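Residues 789 to 990, numbered by the working numbering, are exactly what the sequence shown covers, in order. The beta-carbon is built from N, C-alpha and C at its ideal position, and this holds for glycine as well. Quantities reported herein were computed from a predicted structural model and do not represent experimental measurements. Notes to accompany the following structure.
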Amino acid sequence: IIPTKNHGELVRQCIDSIRATTSQVVYDLVVIDHESNDPETIAYLKSIQPEVHVLPYAGPFNFSSINNWAVKQLDQLGNRHTHYLFCNNDIEALEPGWLERMLEQAQQPDVGMVGVQLLYPDRVSIQHAGVCVGMYGVAEHYGKFFRLRSDQVNTNFMGRLIVTHEVAAVTAACLLMRRDAFEEINGFDEALALGFGDVDLC
């Protein structure tokens with residue numbers, strides 16, 4: 789599920805990278821078009837149908853509402869989905885097998901959702917390696933701004949940057965969640981329109 793308003797070039801990058809790096813998972817791509825008015829974006833979204841489901845969304849921006857609405861629209865696709873992947877439009881998948889690895893973790897009955905390590909555009913500085921609830925009073929990303937060195941493996945504290953591990957929360961910029969878990973908690977809290985909806989969900 790990829791919400792966007794304009795920024796067709798980012799959506800293209802996101803979709804192309806998912807297709808290029810995912811081969812062992814059956815999935816549907818769903819773009820939620822939140823009233824785009826950029827002609828190039830509109831043309832691109834039209835060009836990717838019907839291989840990609842593009843659903844129009846209208847109303848004020850509310851990240852939680854948009855994603856909850858998107859999940860409800862999956863009924864028209866048969867809603868055979870076992871998991872939901874929430875993705876920002878600026879996500880670019882870099883490593884083959886990333887989604888397969890996420891799904892491997894998310895199939896475990898005691899795992900509600902799975903996140904990823906995100907890098908800034910320089911591809912060496914970490915943006916997100918999980919969320920620490922309570923940091924700076926509310927929540928903040930682990931590893932934020934930490935620079936990875938290409939000439940060595942930096943394991944950081946107890947290997948947290950190179951091994952799968954539990955955290956209190958992950959960002960919904962790229963979050964895979966079991967359908968039954970999403971339904972059991974009634975999805976995102978729509979009172980949280982802009983920030984911390986993903987932390988609350990986790």
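Beta-carbon proximity list for residue i, same chain, < 6 Å, skipping 5 on both sides
| i | result |
| --- | --- |
| Ser805 | Glu880 and Ala881 |
| Gln905 | Ala917 |
| Tyr930 | Ala917, Gly918 and Cys920 |
| Ile875 | This sequence places Cys at residue 875; Ile is not what is there. So the list reads Ile790 and Cys962, once near-sequence residues are dropped. |
| Gln861 | Leu843 |
Top-ranked residue by Cα proximity to residue i, from the options
| i | options | result |
| --- | --- | --- |
| Gln801 | Ile836, Ala917, Gln895 and Val919 | Ile836 |
| Arg868 | Asp968, Glu972 and Pro791 | Asp968 |
| Ala956 | Asn974, Leu936, Ala927 and Val842 | Ala927 |
| Phe970 | Met901, Met923 and His929 | Met901 |
| Leu891 | Glu972, Arg966 and Leu980 | Arg966 |
| Ser811 | Pro838, Glu797, Ile854 and Arg889 | Arg889 |
| Leu949 | Cys990, Val912, Val814 and Cys875 | Val912 |
| Gly925 | Ile914, Pro844, Val814 and Phe984 | Phe984 |
| Leu865 | Phe933, Ile914, Cys875 and Leu843 | Leu843 |
| Ala961 | Glu954, Thr870 and Leu907 | Leu907 |
| Asp988 | Gly922, Arg937, Phe933 and Arg935 | Gly922 |
| Gln915 | Ala846, Phe934 and Val899 | Phe934 |
| Val814 | Thr870, Tyr845 and Pro838 | Thr870 |
Sub-7 Å separation of residue i and residue j beta-carbons
| i | j | result |
| --- | --- | --- |
| Val885 | Leu963 | Looking at the sequence shown, residue 885 is not Val but Gly. Going by C-beta atoms, Gly885 is not nearer than 7 Å to Leu963. |
| Asp821 | Asn794 | no |
| Thr959 | Asp986 | yes |
| Ser852 | Glu978 | yes |
| Ala981 | Asn856 | no |
Cβ-based neighbour list, residue i, same chain, cut-off 8 Å, excluding 5 preceding and 5 following
| i | result |
| --- | --- |
| Val799 | Ile790, Thr792, Val819, Thr829, Tyr832, Leu833 and Asn877 |
| His809 | Checking the displayed sequence, the identity of residue 809 turns out to be Thr instead of His. These residues qualify, in order along the chain: Ala881, Leu882, Glu883, Pro884, Gly885, Trp886 and Leu887. |
Residue environment, residue i, which counts as buried when at least 16 other CB atoms sit within 10 Å
| i | result |
| --- | --- |
| Tyr872 | buried |
| Phe976 | buried |
| Gly796 | buried |
| Ile973 | exposed |
Cβ neighbours of residue i in the same chain (closer than 7 Å, five flanking residues each side left out)
| i | result |
| --- | --- |
| Val840 | Ile803, Leu817 and Val819 |
ask   = Hey, which unbroken runs of the beta strand (DSSP E) at 3 residues or more fall wholly within the region 958 to 989?
value = The qualifying runs are 962 to 966.
query = Can you give, in chain order, each stretch of the beta strand (DSSP E) that sits fully within the region 824 to 900 and has at least 3 residues?
reply = Counting whole runs of 3 or more residues, the region 824 to 900 contains the beta strand (DSSP E) stretches 841 to 845 and 871 to 875.
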